[in-house]
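Engineer:
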Amino acid sequence: MARRAGRAGHPGRARTRHRAARGRGAAQGGGLGRAGRGYRPAAGGRARAAGSRRSTLQGNREGTEVIPVQSEALPRVTAVITTYNRRNVVPDAVASALAQTVRDIEVLVVDDGSADGTADDLAERFGHDARLRVVTRPNGGAPAARNTGLDHARGPFVALLDSDDLWDPGYLESQLAVFAAKPWADLVIDDGICEEPDGSVRRLSAYANWVLPDSIDALCRGTWILPSLTVVRTAAARDIRFDVALRRCDDTDFIWRFVDAGYRVAGNPEPLGRYRALPPGQTQAAPQLSLDEDRLLLATYDIWKRYRDRYPQVLDRGFDFHLEYARRLMRGGRQEEAHWHIERMLRERPAHPATVRLAAEAGLRQPAGPPAP
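In the UniProt record's numbering, the protein residues as written are 1 to 373.
So, in structure tokens, the structure goes:
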């Protein structure tokens, strides 16, 4: 697939900005599923149309440095940990970042308006380590906090880490080795380990094969980006930024715009990042669809729809979305809502075996209305 000249919302953008961003990264020595865990959703609403989102992507070095820069030496990489009222877990994330075998690192914690004394607690625990910086800002949600981290980062690479996830000591060394071996890469995704609430672990093997030209295909297959498993060139991340208008799926939106803009992604098969799944009671435990997951799926679909005119694969993924969502709704007893999605499937692919089978289960036979746009 040819690399695109523009990004969503800026279809006319020339590739020169991409090259300039790569150049800035080189000059500095450089040659993101869960949506906003631990955050109170900031005021805003649904995602804005692509053409009206420019103001939500601008940078402005917002925030007050509680623990400021303590060394003039520029770090090789900046670890950005965003947190909101997670005083009980964020020290573990900070400790795992400070324990990296890459020593020329700065660990930048962005406290997004916590009311639980997070910043003071971190200063007391880790204030002796000159590599730690803490920036506080008014609560604005995960995308705004991540952008603040990008704006304050001093390293040519940014490594994102959610406040309840962990890195093994060799994580950053392994990620940077991929950049050295593949200098064309702008972002590297670690394969990672998922720690389940019951203590079991599983490999997140979907991340190992992210190489163009199939990055869009990987996105359409539902290969999610977990911020805690990504390291990105700082200049490239600042070029794309996180959209503060989004209340969820800002990481999914980020990677779609990142790839659509022509930036390139590589995978790291070493499982050295640890994504910790939320315990029961905070995630969906039944076959019923929780309201939060309901909104998450719909927000993801809204992102896909922006690209369906340019990438035919998105149409296939949209059909799969309606199929999967209808099944979940039916299992949850939400028949009327499921029927709407099945009717969409009947309009788009009436002869598809999955359509016929699911329509029969729901008692639907004929398309309702004209073909879907």
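A virtual CB, placed ideally from N, CA and C, is assigned to each residue, including glycine.
#1: If you follow the alpha helix (DSSP H) that E173 is in, where does it begin and where does it stop?
#2: Are the CB atoms of R137 and D112 nearer to each other than 8 Å?
#3: Just the C-alpha distance for D186 and R327, rounded to the nearest angstrom, thanks.
#4: Taking just the CA atoms, how far does A144 sit from A97?
#5: Taking only runs of the beta strand (DSSP E) that begin and end inside the region 93-127, which ones reach a length of at least 3 residues, in chain order?
#6: Looking at the unbroken beta strand (DSSP E) that takes in D162, where does it start and where does it end?
#7: In the DSSP output, which residue or residues are listed as bridge partners for N88?
#8: For D190, does the three-state DSSP call read helix, strand or coil?
#9: Can you check which of these residues, H352, A354, T355, E361, is closest to G333 by C-alpha distance?
#10: Beta-carbon within less than 8 Å of R202's beta-carbon, same chain only, minus the 5 sequence neighbours each way: which residues are those?
#11: Verify whether the separation of the beta carbon atoms of E106 and R125 is less than 8 Å.
#12: Nearest CA to the CA of L165: which residue from R257, T82, E270, M345?
#13: In whole angstroms, what is the alpha-carbon distance linking P75 and A153?
#14: In this structure, how does DSSP classify N139 when only helix, strand and coil are distinguished?
#15: What residue from F157, D217, I303, Y84 has the CA that sits closest to P183's CA?
#16: What do you reckon, are the CB atoms on L108 and T78 nearer than 8 Å?
#17: Closest by CA to Y67, which one among P227, L246, A123, R306?
#18: Is the region 255-264 touching the region 235-244 in the sense that three or more CB pairs, one from each, lie closer than 8 Å?
#19: Should T252 and I216 be called a contact, given that it needs their Cβ atoms to be closer than 8 Å?
#20: Would you kindly report the start and end of the unbroken alpha helix (DSSP H) that includes E361?
#21: Could you check how far apart the C-beta atoms of R267 and I342 are, in whole angstroms? I think they sit under 8 Å.
#22: Using CA atoms only, rank isn't needed, just tell me which of A181, R274, R347 is closest to P227.
#23: Measure the C-alpha to C-alpha separation of Y263 and A235 and round it to an integer number of angstroms.
#24: Sort out for me which residues DSSP pairs Y275 with in a bridge.
#25: Less than 8 Å between the beta carbons of L161 and V80, yes or no?
#26: Between which two residues does the alpha helix (DSSP H) containing R257 stretch?
#27: Could you check where the beta strand (DSSP E) with I81 kicks off and where it finishes?
#28: When the distance is taken between beta carbons, is L329 closer than 8 Å to L358?
#29: With DSSP run on the structure shown, which of helix, strand or coil describes E62?
#30: Report buried or exposed for P353, applying the criterion of at least 16 other Cβ atoms within 10 angstroms of its Cβ.
#31: Going by C-alpha to C-alpha distance, which of R344, S200, R276, L219 sits closest to Y307?
#32: Do you know whose CA, among D129, R248, G127, A95, lies nearest L300's CA?
#33: What residues in its chain sit with their C-beta under 7 Å from that of V89, if we drop five residues either side in the sequence?
#34: In whole angstroms, what separates the C-alpha of T148 from that of D198?
#35: Determine the direct distance from the alpha carbon of E72 to that of Y171, and round the result to whole angstroms.
#36: Quick check on D250: buried or exposed, where buried means 16 or more other Cβ atoms within 10 Å of its Cβ?
Structural biologist: Taking the definition as stated:
#1: 171-181
#2: yes
#3: 37 Å
#4: 22 Å
#5: 105-112
#6: 157-162
#7: DSSP lists no partner for N88.
#8: strand
#9: E361
#10: I193, C194, E196
#11: no
#12: One point to set straight first is that residue 165 is Asp, not Leu, in the sequence displayed. The shortest Cα separation from D165 among R257, T82, E270, M345 belongs to T82.
#13: 9 Å
#14: coil
#15: F157
#16: yes
#17: Residue identity check: residue 67 is Ile in the sequence provided, not Tyr. When only C-alpha atoms are compared, the closest one is A123.
#18: yes
#19: no
#20: 353-362
#21: The question names Arg, yet the displayed sequence has Gly at residue 267. Actually they do not touch by this definition, with Cβ atoms about 36 Å apart.
#22: R274
#23: 11 Å
#24: C194
#25: yes
#26: 250-260
#27: 77-83
#28: no
#29: coil
#30: exposed
#31: L219
#32: In the sequence as displayed, the identity of residue 300 is Thr instead of Leu. Of the listed residues, the one whose Cα sits closest to T300 is R248.
#33: S163, D164
#34: 34 Å
#35: 25 Å
#36: buried
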